[in-house]
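A short write-up of the structure that comes next.
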Amino acid sequence: MKLYIYFSFTYWAGTTLSVTDPDVGEKRKVYVFVATLPCSQLFYVEGSYSMNLPSWIRLHQHTFEYMGGTPQILVPDNLKTGVTKHTAKELILNKTYTEMADYYHTVIMPARVRSPKDKASVEGSVSIVTTWIIQALRHVKCFSLEELNDEIWKKLEELNHRSFQNRPGSRWSAFLEEEKFALSPLPDAPYKLSEWRKAKVRPDYHITINSMFYSVPYELIGKEVEVKASSSVIEVYFHHMRVASHQTLYGKFGQFSTLKEHMPNHHRLYVEQTPEEAMKWAVEIGPSTLQVITFILDYYEIEKQALNSIFTLKKLERTYSIYEIELACKKVLEATSRPTIKSIQTMIKSIHKEDEQKASKVNSKTTDEKYGFTRGAAHYGGITNEPTKLQQNENVKIIRDGRILRDIICESCVQ
Numbered sequence: 001m002k003l004y005i006y007f008s009f010t011y012w013a014g015t016t017l018s019v020t021d022p023d024v025g026e027k028r029k030v031y032v033f034v035a036t037l038p039c040s041q042l043f044y045v046e047g048s049y050s051m052n053l054p055s056w057i058r059l060h061q062h063t064f065e066y067m068g069g070t071p072q073i074l075v076p077d078n079l080k081t082g083v084t085k086h087t088a089k090e091l092i093l094n095k096t097y098t099e100m101a102d103y104y105h106t107v108i109m110p111a112r113v114r115s116p117k118d119k120a121s122v123e124g125s126v127s128i129v130t131t132w133i134i135q136a137l138r139h140v141k142c143f144s145l146e147e148l149n150d151e152i153w154k155k156l157e158e159l160n161h162r163s164f165q166n167r168p169g170s171r172w173s174a175f176l177e178e179e180k181f182a183l184s185p186l187p188d189a190p191y192k193l194s195e196w197r198k199a200k201v202r203p204d205y206h207i208t209i210n211s212m213f214y215s216v217p218y219e220l221i222g223k224e225v226e227v228k229a230s231s232s233v234i235e236v237y238f239h240h241m242r243v244a245s246h247q248t249l250y251g252k253f254g255q256f257s258t259l260k261e262h263m264p265n266h267h268r269l270y271v272e273q274t275p276e277e278a279m280k281w282a283v284e285i286g287p288s289t290l291q292v293i294t295f296i297l298d299y300y301e302i303e304k305q306a307l308n309s310i311f312t313l314k315k316l317e318r319t320y321s322i323y324e325i326e327l328a329c330k331k332v333l334e335a336t337s338r339p340t341i342k343s344i345q346t347m348i349k350s351i352h353k354e355d356e357q358k359a360s361k362v363n364s365k366t367t368d369e370k371y372g373f374t375r376g377a378a379h380y381g382g383i384t385n386e387p388t389k390l391q392q393n394e395n396v397k398i399i400r401d402g403r404i405l406r407d408i409i410c411e412s413c414v415q
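According to my numbering, the sequence shown holds residues 1 to 415 in order.
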């Protein structure tokens, strides 16, 4: 036997209820959720401030609890809350809604678009609920949603236990006799709401959910992932495979949940560093480096500050050799008994520059030796700074005391 449960909101009937704020007297709109079974016409009705997905799921759960089981098939209207897309060729359901249905062992079959016969029963049910509950409470002033729902449920019990006009019994008795036995039993624990959404992985390999940050493997930076968010767990999926799971963060916005296995190696080294690891690293570099690390650990009162400085020093390994780090520490210690990371950085840059200059000179000398003796331009009749024979044969006027003494003719010319 297949049972159908129909869901609707009061906008089908065009009416809503309201709650009055006790402080300012303003009225807040309340939407009315209606569910019904086809044979007994048993109703479940509840007011809600919102028609969003969490409210939609919660009201389904309350319906199942009221009826004491779940039907085999759910037939909702094509609200975007539950149905993402519904055409003649394609049906896409909200992922959270589908997950809830699977949990309660039921199937979702939305009413066909522009098919009034699929919704005839629920349209009639909404009309009955509007008359016997909504209109009956339109002049009742309630100051909270809980108070309003109490009034709704009183009217609901009257309606469900009211005798039929054309047959014996009531909706409740008909439900017990004709439908209850066919409902699937409820699970031991109610479904925990989890909302699916998409997120893009930030450059710091975290995603943002409700202003909180959760890490994913750093290889996914820039990728789009699917996120299943519940009140207790945040699960991240990439290509339908779970890649991360975190406990849901609460409290002050901007908190981070970061797993070490998601970090790049250099980030992991930063997080995992300890004073013991720092000392071990310094021993491998040399005695001067060890002396600097020991001073830093003793100097800072807060261990984290010391480790931050040491991590900055350790990062020099990416650019400079171990020899240069040790030599820089040694030279700084020769100049001061209170070494700083800044002074070591300045020193190592100077050492590195000197080494490059020396290497450049050695390379230049090696190049000259490689090619041997080189003849000058004079050997080939080229221009030089030495005087030519023609220049030597010219008259050279020697001026002394402002008078020309004599012309001196080169010996070669006289001869």
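Ideal Cβ positions, reconstructed from N, Cα and C, are used throughout, including at glycine. Note that the structure is predicted; figures quoted are calculated from it, not measured.
Label residue i either buried or exposed according to how many other C-beta atoms from any shown protein chain fall within 10 Å of its C-beta, with 16 as the threshold for buried.
i: V19; result: buried
i: F33; result: buried
i: I302; result: exposed
i: P203; result: exposed
i: Y214; result: buried
i: H206; result: buried
i: T388; result: Note that T388 scores 40 on pLDDT, short of 50, meaning its location in the model is unreliable; the coordinates nonetheless yield the value given after this. It counts as exposed.
i: D150; result: exposed
i: N210; result: exposed
i: H266; result: exposed
i: N52; result: exposed
i: S416; result: Outside the displayed span of the chain (1 to 415) sits residue 416, for which this structure offers no information.
i: I480; result: The structure shown does not extend to residue 480, since the chain is modelled only from 1 to 415, so the question has no answer here.
i: T106; result: buried
i: T346; result: exposed
i: F256; result: exposed
i: F64; result: buried
i: V292; result: buried
Work out the CA separation of residue j and residue i for me, nearest whole Å.
i: A136; j: S125; result: 16 Å
i: L290; j: Q357; result: 29 Å
i: R171; j: H239; result: 48 Å
i: E317; j: S232; result: 42 Å
i: L148; j: E272; result: 55 Å
i: A174; j: K180; result: 9 Å
i: S194; j: N166; result: 45 Å
i: E435; j: C142; result: There is simply no residue 435 to check, as the chain begins at 1 and stops at 415 in what is shown.
i: L156; j: Y66; result: 11 Å
i: H139; j: K29; result: 14 Å
i: L333; j: G222; result: 45 Å
i: I234; j: L249; result: 9 Å
i: K353; j: S360; result: 11 Å
i: Y320; j: I351; result: 10 Å
i: I128; j: P185; result: 28 Å
i: P339; j: Y299; result: 10 Å
i: Y380; j: D355; result: Here Y380 scores only 47 on pLDDT, less than 50, and its place in the model should not be relied on; the value that follows carries that caveat. When rounded, the distance between both Cα atoms is 40 Å.
i: T274; j: L307; result: 7 Å
i: L183; j: L159; result: 22 Å
i: P110; j: A189; result: 26 Å
i: A335; j: T312; result: 21 Å
i: W196; j: Y323; result: 54 Å
i: G254; j: P187; result: 36 Å
i: A35; j: M263; result: 49 Å
i: F43; j: V243; result: 43 Å
i: K280; j: S245; result: 34 Å
Among all the DSSP beta bridges, which residues are the ones paired with residue i?
i: F311; result: Per DSSP, none; premise fails for F311.
i: Q135; result: BP columns for Q135 are empty, so no partner.
i: S184; result: T70
i: H240; result: Partner(s): none; H240 has no beta bridge.
i: Y218; result: According to DSSP, Y218 bridges with nothing at all.
i: H206; result: S215
i: L17; result: V30
i: R197; result: V227
i: S245; result: E235
My assumption, with CB atoms under 8 Å, is that residue i sits in contact with residue j. Please give the rounded CB distance.
i: I296; j: I310; result: 6 Å
i: G47; j: I152; result: 6 Å
i: A328; j: I348; result: 4 Å
i: V45; j: I108; result: Contact flag wrong, Cβ pair sits at about 21 Å.
i: E224; j: K252; result: So it is not a contact: roughly 28 Å between Cβ atoms.
Alpha carbons only, please: which of the options is nearest the one belonging to residue i?
i: D23; options: S144, A101, G68, T70; result: S144
i: W56; options: T98, L37, G68; result: T98
i: E146; options: L313, Y49, V283, L37; result: Y49
i: K314; options: Y270, T208, F164; result: Y270
i: V236; options: I351, Q61, T208; result: T208
i: K304; options: A278, Y323, V283, E284; result: A278
i: P217; options: M241, N210, E177, Q61; result: M241
i: C39; options: L93, G169, V107; result: G169
i: T447; options: I73, T106, T131; result: A question about residue 447 goes unanswered here, because the residues of the chain that appear run from 1 up to 415.
i: L37; options: D21, K27, P76; result: P76
i: K95; options: A229, T63, H246; result: A229
i: T258; options: A101, M212, H62; result: M212
i: H60; options: K331, S343, A101, V292; result: A101
i: L176; options: K192, L74, Q41, E284; result: Q41
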